[in-house]
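Take a look at the structure set out below.
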Amino acid sequence: MNNFLNNNLHKSLFLGLALLSGNVFAQEAKMKFASATQVSDFQSGIARVESKDKVGFVDKKGKEVVAAKYENAYDMSEGMAAVEKNGKWGFVDKSGKEKIAFVYDEALNFSQAMAAVRLGEKWGFVDKKGKLKITPQYENVLSFSEGLAFVKQYGKWGVIDGKNNYVAHPQFDKAESFSEGMACVAIENKYGFIDKKGVQIIPLRYKSAKSFAEGRAAVKTDNKKWGFIDKNDALFVIDAFDEVDSFTEGLAVVRSKRKWGMIDKAGNEVVPVIYDFIEGSSEGLMVVSIKGKYGVIDKTGKEVTPVKYDNIWGFSEGVARVAIAGKYGFIDKSGEEIIPMIYDEAYNFSEGMARVSIFGKSGFVNKKGKEVFVESQPFSKGELTKLDK
8 MNNFLNNNLH
18 KSLFLGLALL
28 SGNVFAQEAK
38 MKFASATQVS
48 DFQSGIARVE
58 SKDKVGFVDK
68 KGKEVVAAKY
78 ENAYDMSEGM
88 AAVEKNGKWG
98 FVDKSGKEKI
108 AFVYDEALNF
118 SQAMAAVRLG
128 EKWGFVDKKG
138 KLKITPQYEN
148 VLSFSEGLAF
158 VKQYGKWGVI
168 DGKNNYVAHP
178 QFDKAESFSE
188 GMACVAIENK
198 YGFIDKKGVQ
208 IIPLRYKSAK
218 SFAEGRAAVK
228 TDNKKWGFID
238 KNDALFVIDA
248 FDEVDSFTEG
258 LAVVRSKRKW
268 GMIDKAGNEV
278 VPVIYDFIEG
288 SSEGLMVVSI
298 KGKYGVIDKT
308 GKEVTPVKYD
318 NIWGFSEGVA
328 RVAIAGKYGF
338 IDKSGEEIIP
348 MIYDEAYNFS
358 EGMARVSIFG
368 KSGFVNKKGK
378 EVFVESQPFS
388 KGELTKLDK
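See the structure below:
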């Protein structure tokens, strides 16, 4: 479980906070971002920050709302965050109030008003009032999804409800959380699906499988090819592809030999299988690559931007990151470059702001290309302190 937290923190690439300022295209002397404080993406108006090896939370004005005094923390989820203090885990709310005592050896964030917690080597679940709803007794657990959670006992996975009643007794070697009323499970490397009553709806007969998304699940047959089934186990696409992704916005990315394309739910080829790379549909658009260059197409395969960029990342909040020659900027959904490629680093927009880095310093910009923060130091009396230029 610790690896999940470490990876999550690492992927966030913490960046520095700063206070509201002028245009981002100013001269270098005015482009001073802070590097002393590290920051993750905003979630529900709050971002996780790290200052001098301690973690807390700030709002979009840079005001500290949860003191930076914790050793580790997850992002806010359902109004609370799992945090570590003095080697023990508890929970804080958005105001910084410590809502659940620091008594656990490990904790995960809330999902459906229940959070997985570990005491010693056993896992259980706590509610938002801090009450242990399910006493730690399991070897491992997955978070609640659709009212059910997978739990591991004696090396096998089973399913419980919120009252710790077994829906399916431990019997599975592998399991994924419920999605669209069904869960992917496996015994001796044979995959199938169970429903929320624990009934095996789709027999365990596939070489591999992925969770249902938009009414379809990817499955691999004995022929070592991937296809798609519906919830009645009817094959819509049979033994057709070497690799597939799950459906998103009505389309699925597929690979045949070394080329990628996209199909619809009926198995029709919508985007020709001609690309070296395709990123799944994001806000109705796809990133594609040919011979090391990247562009954007729509759901019909029509070009939105030429295949000219060194890299493009999927759209977020109507904007996508692009890069040429090691410099980063942003384009909108029409392909217009709304923020020039001047940054040394940049990350996707989250709640109206994007993390960027330039001249060795880091901070935020908004969609108009204006600096949202100027250089700052670690917290002072609950706020980020502006530095003299």
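Counting with the working numbering, you get residues 8 to 396 for the letters of the sequence shown.
Backbone N, C-alpha and C define an ideal beta-carbon position, used for all residues, glycine too.
Could you please give the first and the last residue of the uninterrupted beta strand (DSSP E) stretch that includes residue i?
| i | result |
| --- | --- |
| A241 | Here A241 belongs to no beta strand (DSSP E), and DSSP marks it neither H nor E. |
| N116 | E113 to S118 |
| F132 | K129 to V133 |
| T255 | Taken as a continuous stretch (DSSP letters only), T255 belongs to no beta strand (DSSP E), as it is neither H nor E. |
| T142 | L139 to Y145 |
| M83 | Note, M83: premise wrong, no beta strand (DSSP E); not H, not E. |
| L292 | L292 to I297 |
| F284 | F284 to S289 |
| W96 | K95 to D100 |
| E343 | Unbroken run through E343: none, as it is neither H nor E. |
| L155 | L155 to Q160 |
| R265 | Element bounds for R265: n/a, residue is neither H nor E. |
| V326 | V326 to I331 |
| K163 | K163 to D168 |
| K197 | K197 to D202 |
Which class does residue i belong to by DSSP, given the choice of helix, strand or coil?
| i | result |
| --- | --- |
| V314 | strand |
| T228 | coil |
| R55 | strand |
| M38 | Because the pLDDT of M38 is 31, which lies under 50, any placement of that residue in the model is unreliable, and the question is left without a value. |
| D271 | coil |
| E187 | coil |
| L126 | strand |
| G69 | coil |
| E221 | coil |
| N355 | strand |
| L149 | coil |
| F322 | coil |
| E91 | strand |
| K76 | strand |
| F366 | coil |
| D48 | strand |
| K104 | coil |
| G308 | coil |
Rounding to the nearest angstrom, what Cα-Cα distance links residue i and residue j in this structure?
| i | j | result |
| --- | --- | --- |
| Y77 | N93 | 8 Å |
| A225 | D252 | 7 Å |
| F157 | G205 | 11 Å |
| D249 | G169 | 39 Å |
| A88 | D283 | 40 Å |
| G291 | V110 | 45 Å |
| D134 | K334 | 46 Å |
| L149 | F254 | 23 Å |
| F98 | E286 | 36 Å |
| K298 | L126 | 52 Å |
| K101 | R328 | 30 Å |
| K197 | Y173 | 22 Å |
| E324 | R265 | 31 Å |
| V363 | E352 | 5 Å |
| E146 | S218 | 23 Å |
| D6 | I167 | The question about residue 6 has no answer, for the chain in this structure spans 8 to 396. |
| F235 | D48 | 34 Å |
| H176 | F200 | 15 Å |
| M360 | E195 | 46 Å |
| V261 | K59 | 45 Å |
| Q178 | C191 | 13 Å |
| W96 | T142 | 16 Å |
| A332 | W320 | 15 Å |
| K67 | G188 | 37 Å |
| W233 | V295 | 21 Å |
| A43 | A259 | Because the pLDDT at A43 is just 34, under 50, the model does not fix this residue reliably, and the point stays unresolved. |
| I53 | G86 | 10 Å |
Once the 5 residues before and after residue i are set aside, which same chain residues still bring their CB inside 6 Å of it?
| i | result |
| --- | --- |
| K61 | A75 and K76 |
| G342 | V311 and T312 |
| K140 | F132 and D134 |
| K181 | A193 |
| F322 | S289, E290 and L292 |
| S51 | M83 |
| F401 | Nothing can be reported for residue 401, as the shown portion of the chain is limited to 8 through 396. |
| E358 | F49 |
| I208 | F200 and D202 |
Please go through the same chain and pick out, in chain order, the residues whose beta-carbon is closer than 7 Å to the beta-carbon of residue i, but skip the five residues on each side of it.
| i | result |
| --- | --- |
| Q144 | K129 and G131 |
| D229 | K214 |
| E310 | G302 and I304 |
So, for residue i: in the same chain, excluding its five sequence neighbours on each side, which residues have a beta-carbon less than 8 Å away from its beta-carbon?
| i | result |
| --- | --- |
| P257 | Correcting the residue type first, residue 257 is Gly in the shown sequence and not Pro. Excluding sequence neighbours, G257 sits near E221, D271, K272, S288 and K306. |
| K300 | V314, K315, Y316 and D317 |
| Y350 | K334, Y335, G336, V363, S364 and I365 |
Taking only beta-carbon atoms, is residue i less than 7 Å away from chain B?
| i | result |
| --- | --- |
| F337 | In the structure shown, chain B does not exist; there is a single protein chain. |
Handout entry: Touch test, the stretch 343–353 against the stretch 366–377, Cβ-Cβ under 8 Å, three pairs minimum
Key = yes
Practice task
Decide yes or no for the touch test of the stretch 234–247 against the stretch 277–289: beta carbon pairs closer than 8 Å, at least 3 of them.
Solution key: no
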